[in-house]
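Working notes, structure below.
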Amino acid sequence: MSEDFLCLRNISKTFAGVRALSRADLSVKEGEVHTLVGENGCGKSTLIKIIAGVLQPDPGASIAIRGKVWKRLSAFDSLSQGIQVIYQDLSLFPNLTVAENISVSQYIQEKKPFVSRREMADIAREAMRMISVSLDLSTTVQELSIAKQQLVAICRSITRGARLIIMDEPTSSLGRRDVEYLLSVIRSLREEGITTLFVGHKLNEVFEIADRVTVLRDGRGMGTYEISQLNAAELIQLMTGRQIARAQLPGPRSEGAPILEVKELTKKGQFQGINLTLRPGEILGIAGLRGSGRTELALSIFGMNRADSGEIVVAGTPRRIRSVQDAMALGMGYVPEERLVQGLFMDHSVRSNLIVTVLDKLLGRLGLLDDRRTDGFVRSWISELGIKTPSADCPVKQLSGGNQQRVVLSKWMERAPRILIMDGPTVGIDVKAKEEIHEIMRTLASKGMGVIMISDEVAEIAQHTNRLLLMKSGRIVGEYETSRITEDGLLKELLYT
Amino acid sequence: MSDATGARRDTAWRAIGGRLRSHEMYLLLLIVAYCLIVNGINSSFLTMENIFDVLKSSSIMSTMAIGVFVVMLSGGMDISFTAIATVSMFVTVRLFQLFTGDLLIAFVLAGVVGMVMGSVNAILVHFCRLPTLIVTLGTSSIFHGGMLALARVPYIYTVPRYFSGFSKQTLFSWTTASGVTVGLSAMTVMMLGIALLTWALLRYSALGRGIYALGGNPEAAKRAGFNIMRIQFFVYCYVGLLSGLASIQYVSLVRHVHPFNLMDIMLDIIAAVVLGGTSLTGGRGTVWGTLLGVWMIYLIRNSLVLMRIPSYWDSVVIGLVIVVSTGINSYGKILSRAGGKAIDA
Chain A
1 MSEDFLCLRN ISKTFAGVRA LSRADLSVKE GEVHTLVGEN GCGKSTLIKI IAGVLQPDPG
61 ASIAIRGKVW KRLSAFDSLS QGIQVIYQDL SLFPNLTVAE NISVSQYIQE KKPFVSRREM
121 ADIAREAMRM ISVSLDLSTT VQELSIAKQQ LVAICRSITR GARLIIMDEP TSSLGRRDVE
181 YLLSVIRSLR EEGITTLFVG HKLNEVFEIA DRVTVLRDGR GMGTYEISQL NAAELIQLMT
241 GRQIARAQLP GPRSEGAPIL EVKELTKKGQ FQGINLTLRP GEILGIAGLR GSGRTELALS
301 IFGMNRADSG EIVVAGTPRR IRSVQDAMAL GMGYVPEERL VQGLFMDHSV RSNLIVTVLD
361 KLLGRLGLLD DRRTDGFVRS WISELGIKTP SADCPVKQLS GGNQQRVVLS KWMERAPRIL
421 IMDGPTVGID VKAKEEIHEI MRTLASKGMG VIMISDEVAE IAQHTNRLLL MKSGRIVGEY
481 ETSRITEDGL LKELLYT
Chain B
1 MSDATGARRD TAWRAIGGRL RSHEMYLLLL IVAYCLIVNG INSSFLTMEN IFDVLKSSSI
61 MSTMAIGVFV VMLSGGMDIS FTAIATVSMF VTVRLFQLFT GDLLIAFVLA GVVGMVMGSV
121 NAILVHFCRL PTLIVTLGTS SIFHGGMLAL ARVPYIYTVP RYFSGFSKQT LFSWTTASGV
181 TVGLSAMTVM MLGIALLTWA LLRYSALGRG IYALGGNPEA AKRAGFNIMR IQFFVYCYVG
241 LLSGLASIQY VSLVRHVHPF NLMDIMLDII AAVVLGGTSL TGGRGTVWGT LLGVWMIYLI
301 RNSLVLMRIP SYWDSVVIGL VIVVSTGINS YGKILSRAGG KAIDA
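Chains as they are written, first to last, in our numbering: chain A, 1 to 497; chain B, 1 to 345.
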């Protein structure tokens with residue numbers, strides 16, 4: 001058959017002692033649609049960045065493009081070989097028109113001092129013709145839906161004579177119909193002879209579009225397969241692998257009055273008719289992919305995103321939660337998904353971050369902060385949660401991901417909340433730190449706290465919750481006792497949209 | 001074929017329709033309405049003579065505002081431009097006391113001095129990755145303070161005659177029925193020339209598109225391969241150049257050099273640019289809007305007194321106009337976004 005366009009061998013990459021990739025291989029044939037799959041954190045993005053020349057692999061790796069071996073592949077080399085990456089953020093200019101966004105790369109490449117609107121439009125029309133789409137050239141990109149913005153990004157990538165287009169999880173923020181359309185665009189790219197490397201984790205899309213699939217797990221390549229040789233179960237097995245057996249949490253709790261009940265909670269465009277019950281001592285999982293409305297729901301319960309209708313009952317009493325202050329007064333805590341932006345003051349010290357939610361408890365006589373009490377408080381939390389920091393005055397941004405997460409946790413735990421919502425608590429931290437976070441969660445629950453854990457990591461959510469709700473497109477579509485389901489089964493439910 | 005032309009005409013009409021509903025259009029209507037009100041109270045306001053005079057004396061502000069507009073378009077901010085203008089003005093006129101020269105050399109010299117100071121800003125912004133507001137806050141103090149410290153007498157009261165000649169030159173002058181000679185001042189022509197040049201540069205040059213791109217999404221601009229350093233240097237040198245040119249216009253109008261007068265118009269100019277529809281975060285704005293913004297602010301500053309309103313109220317009215325006009329704009333956007341993203345079934 002056709003030749004290898006791209007051939008990567010023995011790719012490893014270590015970040016500050018953490019192995020993101022370990023001797024992974026990938027070869028992509030000219031003209032095929034190749035998919036790269038794996039669970040979150042398996043090293044997919046790192047591999048893409050290496051192909052794009054943005055990151056350099058550890059020594060011992062070999063990279064060949066169309067048979068030519070590159071000792072060191074720079075971003076410029078990668079581009080000049082016709083490799084285009086469409087990152088998740090799309091890198092478009094929201095304030096400029098569709099025509100200009102599509103033609104900008106070609107203009108820069110040709111180093112023309114002046115631009116002509118007619119020529120821009122011609123470049124854009126030619127690119128749109130290749131993938132048979134049509135967009136209004138004179139609208140600005142900010143007015144377009146995400147799906148159309150994606151098409152703009154694809155059009156732009158083919159203007160520079162792209163031979164390989166890499167799309168990083170292009171469907172993660174798209175609805176089903178837009179996904180279909182995107183897949184048809186990828187097919188027309190194939191007809192134009194352009195190779196596509198499609199990075200994703202939604203299995204039905206993989207089976208729909210791919211010629212071949214490469215699986216990554218924990219930074220290791222699990223092999224490349226013709227899509228016709230695999231079925232869904234086998235692919236899931238490859239992605240998740242055998243998991244180390246761990247103590248499974250017991251089934252759902254029936255004793256104790258619910259501390260939180262959500263009834264028919266609805267917010268237009270985000271989630272609809274959500275019902276859930278949380279009892280003390282229970283860890284309730286909400287499994288959902290990005291865009292399923294999981295985070296919006298959590299924010300609504302926590303008073304940061306007012307719902308249109310429905311009821312929230314805390315400890316038996318219906319409550320109106322209009323602000324974070326209301327939620328905190330009712331004994332709720334929230335550890336946000338993007339802890340780096342939402343949960344911490346990155347430039348401030350560990351000390352400041354620890355005390356910010358409890359300032360009122362640390363006041364001395366004149367209503368000023370009591371330094372001695374603050375010091376004692378900060379010390380006790382650093383030791384209790386095992387936060388590894390050179391000193392309490394060290395800025396939080398210098399800590400590792402796991403330690404940052406601990407700082408966020410402790411901020412809320414000092415409030416001794418009865419309900420703790422953790423949104424993606426282990427995103428972006430290493431395995432050991434994950435285990436510790438899970439341990440902390442279990443300890444909290446055993447002390448009678450109700451914990452809601454939101455995640456799309458199947459292994460985590462299946463093992464560390466008592467009960468599990470599955471959320472898709474803004475609705476809860478299933479409820480499971482986690483002791484009775486398998487990880488593979490759950491992954492299948494989660495990924496088949 | 002005819003289909004295609006039809007479609008093109010359709011888009012053209014829609015573009016014009018969009019322009020009519022634009023921020024600039026509202027601002028123009030606001031200016032017209034304001035002029036009519038002032039004229040209703042004091043009928044000596046809307047005369048040819050006065051209109052040309054407003055155009056002339058506001059062109060110093062306009063020239064600087066165009067420079068500030070370009071900086072803000074790139075996503076930056078410059079608050080050192082009045083200091084740059086003051087220093088260029090002083091240096092140039094001081095040198096011309098020692099050597100003979102002419103007006104053209106004065107403009108060139110002041111422009112070059114302004115660009116040198118602008119490039120200091122650019123170096124700090126680009127290489128030290130400092131926030132632009134902080135950099136220019138600092139350099140503003142350094143430039144202006146340095147001048148006050150180094151020049152023993154920072155006032156110059158005898159300015160060579162050819163300076164003032166410039167402000168008196170007019171093009172297409174004619175005498176009105178009432179016997180007053182009016183004409184388009186050379187200052188206005190120069191300012192309009194700069195505005196036109198800037199507009200063309202932003203619209204047709206790769207550099208200009210780079211400025212829009214940088215303001216719209218700096219990360220994407222870097223990834224797309226724009227030469228960010230060149231853009232930053234251009235932007236800060238350009239505002240320096242225009243500040244230098246404006247300072248010579250100012251000398252020619254007032255015929256003396258004063259170390260503080262120009263410093264006072266800094267906030268008015270930034271207000272004018274914002275009022276003109278330029279986004280503080282960059283990427284959005286037009287030259288035309290900037291000019292309208294300047295004229296609005298200038299009119300309020302100089303005509304409330306014609307309605308016998310004490311000048312203390314100038315600032316209050318300017319503040320109200322800014323808050324209300326930008327507020328309506330952004331509230332409209334909030335409303336249009338309130339629909340939220342729909343769930344795809």
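Virtual Cβ for every residue (Gly too), placed ideally from N, Cα, C.
Residue i: contacting residues in chain B (beta-carbon distance under 8 Å)
| i | result |
| --- | --- |
| residue 108(A) | 206, 224, 225 and 226 |
| residue 114(A) | 204, 205 and 206 |
N-terminal and C-terminal residue of the beta strand (DSSP E) that residue i is part of
| i | result |
| --- | --- |
| residue 318(A) | 317-319 |
| residue 272(A) | 271-278 |
| residue 217(B) | Neither: residue 217(B) is in no beta strand (DSSP E) and is coded neither H nor E. |
| residue 127(B) | Residue 127(B) -> not in any beta strand (DSSP E); alpha helix (DSSP H) instead, spanning 103-127. |
| residue 287(A) | 283-287 |
| residue 423(A) | 419-423 |
| residue 150(A) | Segment 146-159 is the alpha helix (DSSP H) holding residue 150(A); no beta strand (DSSP E) there. |
8 Å contact criterion, which residue i and residue j should meet: CB distance rounded
| i | j | result |
| --- | --- | --- |
| residue 422(A) | residue 451(A) | 7 Å |
| residue 79(B) | residue 266(B) | 6 Å |
| residue 33(A) | residue 92(A) | Wrong, their Cβ atoms sit about 23 Å apart, outside the cutoff. |
| residue 190(A) | residue 31(A) | 7 Å |
| residue 326(A) | residue 303(A) | 5 Å |
| residue 279(A) | residue 38(A) | Incorrect: roughly 35 Å between the Cβ atoms, too far for contact. |
| residue 404(A) | residue 425(A) | Not really, about 12 Å apart at Cβ, beyond 8 Å. |
| residue 373(A) | residue 366(A) | With 8 Å as the limit, residue 373(A) and residue 366(A) do not qualify as a contact, their Cβ atoms being about 14 Å apart. |
Residue i, buried or exposed, once every other Cβ within 10 Å from all chains shown has been counted against 16
| i | result |
| --- | --- |
| residue 472(A) | buried |
| residue 3(A) | exposed |
| residue 484(A) | exposed |
| residue 52(A) | buried |
| residue 150(A) | buried |
| residue 172(B) | exposed |
| residue 245(A) | The pLDDT assigned to residue 245(A) is 43, lower than 50, so where the model puts this residue is not dependable; a value taken from the coordinates is nonetheless given after this. Exposed, because fewer than 16 other Cβ atoms sit within 10 Å of the Cβ of residue 245(A). |
| residue 295(B) | buried |
| residue 84(A) | buried |
| residue 289(B) | buried |
| residue 40(B) | exposed |
| residue 42(A) | buried |
| residue 243(A) | Annotation note: pLDDT 47 at residue 243(A) (below 50); position unreliable, coordinate value reported separately. Classification of residue 243(A): exposed, given that the 10 Å Cβ count is below 16. |
Proximity below 9 Å, CB of residue i to CB of residue j
| i | j | result |
| --- | --- | --- |
| residue 50(A) | residue 11(A) | yes |
| residue 49(B) | residue 176(B) | yes |
| residue 454(A) | residue 288(A) | yes |
| residue 157(A) | residue 105(A) | yes |
| residue 310(A) | residue 384(A) | no |
| residue 44(B) | residue 298(B) | no |
| residue 27(B) | residue 275(B) | yes |
| residue 293(A) | residue 19(A) | no |
| residue 123(A) | residue 154(A) | no |
| residue 475(A) | residue 272(A) | yes |
| residue 251(B) | residue 163(B) | yes |
| residue 480(A) | residue 494(A) | no |
Run of the alpha helix (DSSP H) containing residue i, from where it starts to where it stops
| i | result |
| --- | --- |
| residue 173(B) | Taken as a continuous stretch (DSSP letters only), residue 173(B) belongs to no alpha helix (DSSP H), being part of the beta strand (DSSP E) at 170-175. |
| residue 148(B) | 132-150 |
| residue 5(A) | Careful: residue 5(A) lies outside any alpha helix (DSSP H), inside the beta strand (DSSP E) at 4-15. |
| residue 99(B) | First-last for residue 99(B): undefined, no H or E at that position. |
| residue 112(A) | Neither: residue 112(A) is in no alpha helix (DSSP H) and is coded neither H nor E. |
| residue 481(A) | No alpha helix (DSSP H) holds residue 481(A); the beta strand (DSSP E) holding it covers 475-481. |
Contacts of residue i in chain A (Cβ-Cβ under 7 Å)
| i | result |
| --- | --- |
| residue 216(B) | 93, 94, 95 and 96 |
Interface partners of residue i on chain A, CB under 9 Å
| i | result |
| --- | --- |
| residue 283(B) | 93, 94, 95 and 96 |
| residue 209(B) | 96, 100, 104, 107 and 115 |
| residue 219(B) | 89 and 91 |
| residue 212(B) | 93, 95, 96 and 100 |
Near the ligand MN: residue i beta-carbon under 8 Å from a heavy atom
| i | result |
| --- | --- |
| residue 89(B) | The model depicted lacks the ligand MN and carries no ligand whatsoever. |
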